[in-house]
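Accompanying notes for the structure given below.
2 protein chains.
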Amino acid sequence: MVGIRQIAERAEVSTATVNRVIRGNGPVSPERRKRVLAAIAELDYVPNAAARALTRGRSNLLGLFVPDIANPFYAQVAKGLEDRAAEDGFRCVISSSDFDPARELELMTMYRDGTLAGLAISPLGSAADLGLQKQGARVPHVFIDRRADGSAAPLVGTSNRATAREAVSSLLEQGHRRIAMISGPRNFETAAQRIAGYQDALRRYGAPVEPGLVLQGYIGERGGREAMEAVLDQEPRPTAVFSFNNLLTIGALAAVRARGVRMPDELSLVTFDDMSLFAYVDPPITAIAQPSYDIGRAAADLLVRRLEGDERATGDITLPARLIGRGSTAPPAPAGRPAPAPPG
Amino acid sequence: MVGIRQIAERAEVSTATVNRVIRGNGPVSPERRKRVLAAIAELDYVPNAAARALTRGRSNLLGLFVPDIANPFYAQVAKGLEDRAAEDGFRCVISSSDFDPARELELMTMYRDGTLAGLAISPLGSAADLGLQKQGARVPHVFIDRRADGSAAPLVGTSNRATAREAVSSLLEQGHRRIAMISGPRNFETAAQRIAGYQDALRRYGAPVEPGLVLQGYIGERGGREAMEAVLDQEPRPTAVFSFNNLLTIGALAAVRARGVRMPDELSLVTFDDMSLFAYVDPPITAIAQPSYDIGRAAADLLVRRLEGDERATGDITLPARLIGRGSTAPPAPAGRPAPAPPG
DNA sequence: TTGTAGGCGTTATCAG
DNA sequence: CTGATAACGCCTACAA
Numbered sequence: 470m471v472g473i474r475q476i477a478e479r480a481e482v483s484t485a486t487v488n489r490v491i492r493g494n495g496p497v498s499p500e501r502r503k504r505v506l507a508a509i510a511e512l513d514y515v516p517n518a519a520a521r522a523l524t525r526g527r528s529n530l531l532g533l534f535v536p537d538i539a540n541p542f543y544a545q546v547a548k549g550l551e552d553r554a555a556e557d558g559f560r561c562v563i564s565s566s567d568f569d570p571a572r573e574l575e576l577m578t579m580y581r582d583g584t585l586a587g588l589a590i591s592p593l594g595s596a597a598d599l600g601l602q603k604q605g606a607r608v609p610h611v612f613i614d615r616r617a618d619g620s621a622a623p624l625v626g627t628s629n630r631a632t633a634r635e636a637v638s639s640l641l642e643q644g645h646r647r648i649a650m651i652s653g654p655r656n657f658e659t660a661a662q663r664i665a666g667y668q669d670a671l672r673r674y675g676a677p678v679e680p681g682l683v684l685q686g687y688i689g690e691r692g693g694r695e696a697m698e699a700v701l702d703q704e705p706r707p708t709a710v711f712s713f714n715n716l717l718t719i720g721a722l723a724a725v726r727a728r729g730v731r732m733p734d735e736l737s738l739v740t741f742d743d744m745s746l747f748a749y750v751d752p753p754i755t756a757i758a759q760p761s762y763d764i765g766r767a768a769a770d771l772l773v774r775r776l777e778g779d780e781r782a783t784g785d786i787t788l789p790a791r792l793i794g795r796g797s798t799a800p801p802a803p804a805g806r807p808a809p810a811p812p813g
Numbered sequence: 470m471v472g473i474r475q476i477a478e479r480a481e482v483s484t485a486t487v488n489r490v491i492r493g494n495g496p497v498s499p500e501r502r503k504r505v506l507a508a509i510a511e512l513d514y515v516p517n518a519a520a521r522a523l524t525r526g527r528s529n530l531l532g533l534f535v536p537d538i539a540n541p542f543y544a545q546v547a548k549g550l551e552d553r554a555a556e557d558g559f560r561c562v563i564s565s566s567d568f569d570p571a572r573e574l575e576l577m578t579m580y581r582d583g584t585l586a587g588l589a590i591s592p593l594g595s596a597a598d599l600g601l602q603k604q605g606a607r608v609p610h611v612f613i614d615r616r617a618d619g620s621a622a623p624l625v626g627t628s629n630r631a632t633a634r635e636a637v638s639s640l641l642e643q644g645h646r647r648i649a650m651i652s653g654p655r656n657f658e659t660a661a662q663r664i665a666g667y668q669d670a671l672r673r674y675g676a677p678v679e680p681g682l683v684l685q686g687y688i689g690e691r692g693g694r695e696a697m698e699a700v701l702d703q704e705p706r707p708t709a710v711f712s713f714n715n716l717l718t719i720g721a722l723a724a725v726r727a728r729g730v731r732m733p734d735e736l737s738l739v740t741f742d743d744m745s746l747f748a749y750v751d752p753p754i755t756a757i758a759q760p761s762y763d764i765g766r767a768a769a770d771l772l773v774r775r776l777e778g779d780e781r782a783t784g785d786i787t788l789p790a791r792l793i794g795r796g797s798t799a800p801p802a803p804a805g806r807p808a809p810a811p812p813g
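Same order as they appear, the protein sequences are chains A and B.
When the letters of the first sequence are read in order and numbered with the working numbering, they come out as residues 470 to 813.
When the letters of the second sequence are read in order and numbered with the working numbering, they come out as residues 470 to 813.
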């Protein structure tokens, strides 16, 4: 292995000088710098990351822990995170728990053993489980999308309630009255917020707010399928559905197909989270696109600034989402009268 | 920071003893072990990863470098990799280059500086660019899906040629004669193999093998869209298309929609790589599913075995893919005569 | 079965 | 501007 000493030897300088040219900080005479650079190139030297992390007290790796790496939402978050992190010399790595809390717990040891200098996480478990309590916090962390119970670290996410309200309002304006929601797990902060937005809209338009209209879907395609089956079994059947996220929607689509329900004639559908394929589904799915890239950037920004000593890098950040209208939403079949305008 | 010395102090033993109980190797009296364990629990001690990597000479991190983290193919590969790696105490991290060779190059420093103990990579660039030449190899690596030019490291992939042949044969058997292919970049080994399989099938059934029928799509939705537009402009227009991968297919779908071409009546489509949403597209897309989870497992197996000194962990591994028939393929419109049976 | 001590490669301090 | 040198936290001979 070629180390800093070999470089020093070959360039006929001390290791301190080699280090100065590598880090680009201290003063080095042009001539010596040249010799060092030459030696580095000739020997193809790369500083050892472990040794560096040990002396510096931290690595240069930022982690992104997500529940589902296949969700394109996180792919964009990752890209934003990487772009911003690179500006300050940090690298990013992603790990997925695949919705398995035990696996997520395992991943947390990378957080606790110093492998990571900072962590952006969309948590499954609680802060206590994950070792994210204030005292135990080894490295700075920020939450993406939802916060772990019991933590005070910053959250970067989107305007869940307002956007859910907007999406459901658009359904109401098209004349729907009986609107179901396929929700995510109740303990997800985002689920609570999206349910609140859904209810806001219903109330505003005087539509029924029945607990039975909110179905809980365990995150995953299967959960979405089961929830949609339950919706289709309801009497009277809702004419529209608002879905918690893209994964549940894929499952919901399976149920719709299996039952031979025609969209949007018999059922309208709006979902949180967009996917490029949604535009090509039959019918194209109306969806809410989150600013995922910017969420990633904002998270990295918070992390990097904290790592560089900026104590102010601490507040929550909420970025706006937008509704993309497509073919899966239309007025209900027996052309209902348009809904009354909202009061006020 | 609480280190091994604090534990030793509190448990009233030496650091060597602490180390023995942590690693679980050397002999330690039950009573002392108990004291050490208690101290570790009380102080919430986690060994520092950097220090450990430094003394042991390598980290316990395996990397997966992919061109596109949003592709569900890699999500499954990652899962397989993690499962197998965990069996031997290695963690996995993923990084994406987003099809940017410069970014990929950047990532390679994690490989060269020892951050990673092993690397599974689906390369964009050549072995020389990436620093994967035999001499320079700091860390064992395996290729996923395709090999970088100029490397001899093992490749874990699928039977590209045979499966492409099978997919195109199924088209020919339905009566198609003029079949286009939307290919990936020519310098991708996988593209060459899939083109070969496509040509195998055409020749076998005596269908036209014209260079103009193979369109090159720069990887990405846009490339797929442009390639499909070129296909649709051809005179006479092909009645079927074989697409290199899921990403290109999404773009191709956009072109089909934009032109108002009806599938499968006017055009049949088969693609390499499956996605769960393909089942809900209009029409559902016939696709080739790779054994992605197993590819990930096999890659990790190779890496882990090499890291543990098994010199035999070295050959290429080819896992079979399977064709999933869906609605995007059907006999050509003016019901052509069935193709002649293959000779022999 | 236990402890001491030296070293892993880099960084940073502190004289010169 | 330059060069010794002492950490960083853990691991592992080797000695007891």
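For each residue, glycine too, the CB sits at the ideal point set by N, CA and C.
Looking at the C-beta of I754 (chain B), does it have a partner C-beta in chain A at a distance below 7 Å?
-> Taking the second sequence and counting its residues from 1, one reaches residue 754 (chain B) at position 285. Nearest CB-CB separation between I754 (chain B) and chain A: not below the 7 Å threshold.
Flag V535 (chain A) as yes if its beta-carbon sits less than 7 Å from any beta-carbon of chain B, otherwise no.
-> Within the first sequence, numbered from 1, the residue matching residue 535 (chain A) stands at position 66. Closer than 7 Å: no.
What number of angstroms, rounded off, separates the C-alpha of A597 (chain A) from the C-alpha of D618 (chain A)?
-> As a working mapping, residue 597 (chain A) is identified with position 128 in the first sequence. As a working mapping, residue 618 (chain A) is identified with position 149 in the first sequence. Cα atoms of A597 (chain A) and D618 (chain A): separation of roughly 8 Å, rounded to the nearest angstrom.
Check whether the region 499 to 510 of chain A touches the region 473 to 482 of chain A, counting contact only when three or more Cβ pairs, one atom from each stretch, lie closer than 8 Å.
-> Judged by Cβ distances under 8 Å, the region 499 to 510 of chain A makes contact with the region 473 to 482 of chain A, as three or more pairs qualify.
Compute the distance between the beta-carbons of G653 (chain A) and F713 (chain A), then report whether it is under 7 Å.
-> Walking along the first sequence from the start, residue 653 (chain A) turns up at place 184. Walking along the first sequence from the start, residue 713 (chain A) turns up at place 244. Closer than 7 Å, so yes.
How about R795 (chain B) and T755 (chain B): do their beta carbons lie closer than 7 Å?
-> Here residue 795 (chain B) refers to the residue found at position 326 of the second sequence. Here residue 755 (chain B) refers to the residue found at position 286 of the second sequence. Cβ distance < 7 Å, so R795 (chain B) and T755 (chain B) count as in contact.
Same chain, Cβ closer than 6 Å to P801 (chain A), neighbours up to 5 away in sequence not counted | Within the first sequence, residue 801 (chain A) is the residue found at index 332, counting from 1. If the five residues before and after P801 (chain A) are omitted, its C-beta is found closer than 6 Å to the C-beta atoms of G644, H645 and T708, all from its own chain and listed in chain order.
Interface residues of chain A around P516 (chain B) at Cβ under 7 Å?
-> As a position in the second sequence, residue 516 (chain B) is number 47, starting the count at 1. By Cβ distance, chain A contributes D582.
Positions along the region 496 to 523 of chain A whose CB lies within less than 9 Å of some CB in chain B | Residues passing the 9 Å Cβ filter: D513, V515, P516, N517, A518, A519, A520, R521, A522 and L523.
May I ask which residues mark the beginning and end of the beta strand (DSSP E) holding Q685 (chain A)?
-> The residue labelled residue 685 (chain A) in the question sits at position 216 within the first sequence. Counting along the chain, the unbroken beta strand (DSSP E) around Q685 (chain A) starts and ends at V683 to Q685.
Own chain residues within Cβ distance below 6 Å of I719 (chain A), not counting five before or after | Here the question's residue 719 (chain A) lines up with position 250 in the first sequence. Apart from sequence neighbours up to five positions away, the residues of its chain that approach I719 (chain A) with a beta-carbon distance below 6 Å are E690, ordered along the chain.
Do the CB positions of L736 (chain B) and V730 (chain B) come within less than 7 Å of each other?
-> For this step, residue 736 (chain B) is matched to residue 267 along the second sequence. For this step, residue 730 (chain B) is matched to residue 261 along the second sequence. Closer than 7 Å, so yes.
Around the Cβ of N656 (chain B), are there at least 16 other Cβ atoms within 10 angstroms (buried) or fewer (exposed)?
-> Indexing the second sequence from 1 puts residue 656 (chain B) at position 187. By the neighbour-count rule (16 or more Cβ atoms within 10 Å), N656 (chain B) is not buried but exposed.
Where A650 (chain B) sits in the DSSP three-state scheme | Counting from one through the second sequence, the residue named residue 650 (chain B) turns up at place 181. Residue identity check: residue 650 (chain B) is Met in the sequence provided, not Ala. In the structure shown, the three-state DSSP call for M650 (chain B) is strand.
Less than 8 Å between the CB atoms is what I'm expecting for G526 (chain A) and L588 (chain A), so what's the real figure, rounded?
-> Taking the first residue of the first sequence as 1, we reach residue 526 (chain A) at position 57. Taking the first residue of the first sequence as 1, we reach residue 588 (chain A) at position 119. In fact, because the Cβ distance is near 17 Å, the residues do not count as touching under 8 Å.
On the DSSP bridge assignment, give the partners of G532 (chain A) in chain order.
-> In the first sequence, residue 532 (chain A) corresponds to position 63, counting from 1. Answer is A:V562 and A:L588, bridged to G532 (chain A).
Mind pulling the chain A residues with CB within less than 9 Å of V750 (chain B)?
-> Locating residue 750 (chain B) in the second sequence gives position 281, counting from the first residue. Residues of chain A whose Cβ lies closer than 9 Å to the Cβ of V750 (chain B) are, in chain order, L746, Y749, V750 and D751.
Per DSSP, which residues does V678 (chain A) bridge with? Please list them.
-> Against the first sequence, residue 678 (chain A) aligns to sequence position 209. Looking at the DSSP assignment, V678 (chain A) forms no beta bridge with any residue, so it has no partner.
Rounded C-alpha distance that separates M577 (chain A) from L599 (chain A) | As a position in the first sequence, residue 577 (chain A) is number 108, starting the count at 1. As a position in the first sequence, residue 599 (chain A) is number 130, starting the count at 1. Cα to Cα, the separation comes out at about 6 Å.
Under the three-state DSSP convention, the category T486 (chain A) falls into | If you number the first sequence from 1, residue 486 (chain A) lands on position 17. Looking at T486 (chain A) - three-state DSSP - the assignment turns out to be helix.
If L625 (chain A) sits next to V611 (chain A), beta carbons under 8 Å apart, how far is it from one beta carbon to the other, in whole angstroms?
-> By one-based count along the first sequence, residue 625 (chain A) stands at place 156. By one-based count along the first sequence, residue 611 (chain A) stands at place 142. In the sequence as displayed, the identity of residue 625 (chain A) is Val instead of Leu. Indeed, because the Cβ distance is near 6 Å, the residues count as touching under 8 Å.
Using a Cβ-Cβ cut-off of 7 Å, state whether L722 (chain B) counts as contacting chain A.
-> Taking the first residue of the second sequence as position 1, residue 722 (chain B) is located at position 253. Interface residue, yes.
How would you call G765 (chain A), buried or exposed, if buried means at least 16 neighbouring beta carbons within 10 angstroms?
-> By one-based count along the first sequence, residue 765 (chain A) stands at place 296. Buried.
When you check each C-beta in the region 553 to 571 of chain A against every C-beta of chain B, which residues fall closer than 9 Å?
-> For the region 553 to 571 of chain A, which is checked against every Cβ of chain B, the residues closer than 9 Å are A555, R560, C561, V562, I563, S564, S565 and D567.
Within the same chain, show all residues whose beta-carbon is closer than 7 Å to that of A768 (chain A), passing over the 5 residues directly before and after it, in chain order.
-> What you label residue 768 (chain A) is simply residue 299 of the first sequence in a count that begins at 1. Excluding sequence neighbours, A768 (chain A) sits near L550, A589, V611, I613 and V625.
Cβ neighbour criterion (16 or more within 10 Å) applied to A727 (chain B) = Mapped onto the second sequence, residue 727 (chain B) falls at position 258. So A727 (chain B) ends up on the exposed side.
Measuring alpha carbon to alpha carbon, tell me which of B:P733, B:A676, B:R673 and B:A721 ends up nearest G686 (chain B).
-> As a first step, residue 686 (chain B) must be located in the second sequence, where it is residue number 217. Out of B:P733, B:A676, B:R673 and B:A721, B:A721 has the C-alpha closest to the C-alpha of G686 (chain B).
For T659 (chain B), three-class secondary structure by DSSP | Looking up residue 659 (chain B) in the second sequence gives position 190. Here DSSP, grouped into helix, strand and coil, assigns T659 (chain B) to helix.
Within the same chain, show all residues whose beta-carbon is closer than 7 Å to that of A782 (chain B), passing over the 5 residues directly before and after it, in chain order.
-> Reading the second sequence from its first residue, position 313 is the one you call residue 782 (chain B). Around A782 (chain B): L771, R774 and R775.
Please classify A802 (chain B): does DSSP put it in a helix, a strand, or coil?
-> In the second sequence, counting from the first residue as 1, residue 802 (chain B) sits at position 333. It is coil, neither helix nor strand.
May I have a chain-ordered list of the beta strand (DSSP E) segments no shorter than 3 residues that lie completely inside the region 734 to 769 of chain B?
-> List check, beta strand (DSSP E) in window: 737 to 741 and 755 to 758.
Simplified DSSP state of I688 (chain B), which is helix, strand or coil | Position 219 of the second sequence, counting from 1, holds the residue named residue 688 (chain B). In the structure shown, I688 (chain B) falls within a coil segment according to DSSP collapsed to helix, strand and coil.
Pull up the distance between the alpha-carbon of R474 (chain B) and that of M697 (chain A), whole angstroms please.
-> Along the second sequence, one-based indexing puts residue 474 (chain B) at 5. Along the first sequence, one-based indexing puts residue 697 (chain A) at 228. When rounded, the distance between both Cα atoms is 57 Å.
Once you ignore the five residues that flank N488 (chain A) on each side, which residues in its own chain have a CB closer than 7 Å to its CB?
-> Locating residue 488 (chain A) in the first sequence gives position 19, counting from the first residue. Excluding sequence neighbours, N488 (chain A) sits near I473.
Does the beta-carbon distance from T632 (chain A) to I786 (chain A) come in below 7 Å?
-> Within the first sequence, residue 632 (chain A) is the residue found at index 163, counting from 1. Within the first sequence, residue 786 (chain A) is the residue found at index 317, counting from 1. Cβ distance not < 7 Å, so T632 (chain A) and I786 (chain A) don't count as in contact.
Listed by chain order, chain B residues near S528 (chain A) by CB distance under 9 Å = Within the first sequence, residue 528 (chain A) is the residue found at index 59, counting from 1. Within chain B, the residues whose beta carbon sits less than 9 Å from that of S528 (chain A) are A518, A519 and T584, listed in sequence order.
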